[in-house]
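For the sequence shown, this note's numbering gives the first residue as 111, with consecutive numbering after it.
For every residue, glycine included, the Cβ atom is placed at its ideal position computed from N, Cα and C.
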Amino acid sequence: MAETIFNFMLSFSSVPRGCYWPEQASISQARKAMDRVKLSPSPVLLEDNIDFRVKRVQYQMVITINGRTPGPTILAQQGDTIIVELKNSLFVENVAIHWHGIRQIGTPWSDGTAGVTQCPILPGETFTYKFVVDKAGTYLYHGHYGMQRTDGLYGSIQVSVPDGITEPFAYDYDQSIILTDWYHKSSTEQAIGLSSKPFGWIGEPQSLLIQGRGTFNCSTLNSLAIVPGLCNTSNPECSPYVLTVVPGKVYRLRISSLTSLSAFNFEIEGHNMTVVESDGNYVEPFIIKNLNIYSGETYSVLVKADQDSSRNYWATSNVVSRKPQTPTGLAIFNYYQNDPQKLPPTMPTTGPLWNDSDYRLAQSIAIKARQGYIHPPPRSSDRVIILLNTQNQIDGYLHWAVNNVSFTLPSTPYLIALKDKLGYGKGKFDPNNDPKKYNLIDPIMKNTVPVHPYAWTALRFRANNPGVWAFHCHIEAHLFMGMGVVFEEGVNKVGKLPLSITGCGKSKVYYRP
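Written out as structure tokens, the structure is:
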């Protein structure tokens, strides 16, 4: 166990919106352009094994951590104390960072949810997050003020097992991959549309990103008033993200989704994936061809590099649950000693039908806790809470609501003011009969779960972590417009609150020095 300090400086940076390939340009045309790129390969998976300086593309301001998005991956060991010194160097925007999946036992004020557990961090201020990572697994961090996650404020957390402990599966290399969607409109522009009359929906994303990189459909060029001449296939520095693998080795890919809107299906051409972990909990292994993943979820899959090593393969992300209007997200699964920028000789995979909800539901049901790592839920509940998500109109403004209440953040954070996934089903939830279908034997513990279209999801948890906890939809626009609730749990048992989380609302008065 150790204390590890990370220095995060948030700033606005100008980064490319994507590599623009014309709609009429075929993969073969793009392949010819990529064939001219000659770079040194790496024998292992490295986030920064290739330095790209993208030119002649559309740029926009995004929020970066230490000048990059995604932000740096936090590497820690179970039991470590993480200290993050966060400097807000944004010009006019407040900020907060949520440590997604970290239980924050004893430190609810470090959960990083503005308005719930802390006051937002003002421009120019420095804030310290300090917490213990008590479970090994795959986690995330992301902005939790307004819709800042959409602007690139996110990253990965990898927590390894303690020394002397062996995980129940073997692998040679370990890599985090974040899947996101990307809008040309900033989060501020999107928020204005969502809160206006008439209502302005954010629409479909312009790109799907794999580890921060993607392409854009140039057929929409005119409507976006992009500078002429930026749409081309000849730029050698426009290329997909590259995952370099050594033949015969097994790779643990920690795949996470932090999309603003989209649900994804992720696939590596010609390779099966074995699911072994989700949201920090070991899963009874099962083999899949492609992975359905929703915003806020994390999965570890094992992939063996056992195919023809004389060529590269596509890794793709495709939109599901909504009719796709965005080009496929592309990465290259590169076998070592091949040119890492050599495009595969095949067309990218398209995944399952976008509207096949039965296929997605079947995968959700297939996820069970691994034998030897089962934490059976309580056999019964002391209290049953049924939450219904709806869309309402108030004075001409559109809002999302939970049980007919649209959630709004208070000026004084709730923490200051107040001092187990069981099953899925289709159709309307029947409280008399559906509980009989609950899996009380080996359900997987999760911090994020999907609610499938016209369906329900049942969870059960033990209230054993005093604090105030946000429970909300992880689609940015839905939360922004009110689809969330807060659980208040034994706040009287929370220790003395640090002064650093105060300074807004009534806490200006209550916590004067």
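{"Check": "State the Cα-Cα distance for the pair Arg572 and Pro488, rounded to the nearest angstrom.", "Outcome": "8 Å"}
{"Check": "Taking DSSP's pairing of strands, which residues face Arg421 in a bridge?", "Outcome": "According to DSSP, Arg421 bridges with nothing at all."}
{"Check": "Which first and last residues belong to the alpha helix (DSSP H) in which Ile475 is found?", "Outcome": "Ser467 to Ala476"}
{"Check": "With contact counted as at least three CB pairs below 8 Å, one residue from each stretch, are the stretch 398-407 and the stretch 580-596 in contact?", "Outcome": "yes"}
{"Check": "If you draw a straight line from the C-alpha of Asp544 to the C-alpha of Asp284, how long is it?", "Outcome": "40 Å"}
{"Check": "Measuring CB atoms only, is the stretch 411-428 touching the stretch 347-358, in the sense that at least three cross pairs come out at less than 8 Å?", "Outcome": "yes"}
{"Check": "So what does DSSP say about Lys295, is it helix, strand or coil?", "Outcome": "coil"}
{"Check": "In this structure, how does DSSP classify Ile484 when only helix, strand and coil are distinguished?", "Outcome": "coil"}
{"Check": "In or out: Val91 buried (at least 16 other Cβ within 10 Å) or exposed?", "Outcome": "Residue coverage of the chain in this structure runs from 111 to 623, which leaves residue 91 outside it and unanswerable."}
{"Check": "How big is the Cα-Cα spacing for Ser150 and Pro450?", "Outcome": "Reliability fails at Ser150, whose pLDDT of 28 lies under 50, so the model's placement of it is uncertain and the value that follows must be treated cautiously. Straight-line Cα distance between these residues: approximately 8 Å."}
{"Check": "Lys399 lies in the beta strand (DSSP E); which residues open and close that run?", "Outcome": "It is not in any beta strand (DSSP E) - Lys399 carries neither H nor E in the DSSP assignment."}
{"Check": "Closest to Met457 by C-alpha separation, out of Lys399, Ile378 and Glu299, would be which residue?", "Outcome": "Ile378"}
{"Check": "Look at the alpha carbon of Gln321 and the alpha carbon of Ala112, and state the distance between them as a whole number of angstroms.", "Outcome": "29 Å"}
{"Check": "Rounded to a whole number of angstroms, what is the C-alpha to C-alpha distance between Asn499 and Lys536?", "Outcome": "15 Å"}
{"Check": "Can you list, in chain order, the residues of its chain whose CB lies under 8 Å from that of Gly105, leaving out five sequence neighbours each side?", "Outcome": "Residue 105 is absent from the structure shown; the chain starts at 111 and stops at 623."}
{"Check": "Report all residues from its chain with a CB closer than 6 Å to the CB of Leu318; omit the five preceding and five following residues, and keep chain order.", "Outcome": "Asp291, Gly324, Ser427, Thr436 and Gly439"}
{"Check": "Buried or exposed: Pro455, going by 16 or more other Cβ atoms within 10 Å of its Cβ?", "Outcome": "exposed"}
{"Check": "Do you know how far the Cα of Pro486 is from the Cα of Tyr392?", "Outcome": "14 Å"}
{"Check": "With a Cβ-Cβ cutoff of 8 Å, do Thr248 and Ala186 count as a contact?", "Outcome": "no"}
{"Check": "Along the chain, where does the beta strand (DSSP E) containing Lys240 start, and where does it finish?", "Outcome": "Thr236 to Val242"}
{"Check": "Would DSSP call Thr276 helix, strand or coil?", "Outcome": "coil"}
{"Check": "Measuring CA to CA, which of Val242, Pro434 and Lys307 is closest to Tyr507?", "Outcome": "Lys307"}
{"Check": "Quick check on the burial criterion: 16 or more other C-beta atoms within 10 angstroms. Buried or exposed for Asp505?", "Outcome": "exposed"}
{"Check": "Is Asp544 helix, strand or coil when you go by DSSP?", "Outcome": "helix"}
{"Check": "Can you give the Cα-Cα distance for Val561 and Glu314, rounded to whole angstroms?", "Outcome": "20 Å"}
{"Check": "At which residues does the beta strand (DSSP E) containing Leu440 begin and terminate?", "Outcome": "Gly439 to Tyr445"}
{"Check": "Quick one: Cα of Pro523 to Cα of Pro576, how far?", "Outcome": "16 Å"}
{"Check": "When burial is assigned at 16 or more other CB atoms within 10 Å of the CB, is Tyr409 buried or exposed?", "Outcome": "buried"}
{"Check": "Where does Glu598 sit, in a helix, a strand or coil, going by DSSP?", "Outcome": "strand"}
{"Check": "If we count the other Cβ atoms within 10 Å of its Cβ and call it buried at 16 or more, is Lys606 buried or exposed?", "Outcome": "exposed"}
{"Check": "Could you work out which residue in Gly234, Phe309, Ile192 and Leu263 is closest to Gln503 when comparing CA atoms only?", "Outcome": "Phe309"}
{"Check": "Quick one: Cα of Lys547 to Cα of Ile475, how far?", "Outcome": "11 Å"}
{"Check": "Report buried or exposed for Tyr351, applying the criterion of at least 16 other Cβ atoms within 10 angstroms of its Cβ.", "Outcome": "buried"}
{"Check": "Less than 8 Å separating the beta-carbons of Ser491 and Trp464?", "Outcome": "no"}
{"Check": "What residue range does the beta strand (DSSP E) around Tyr249 cover?", "Outcome": "Gly247 to Gly253"}
{"Check": "Thinking C-beta only, is Leu263 closer than 8 Å to Leu196?", "Outcome": "no"}
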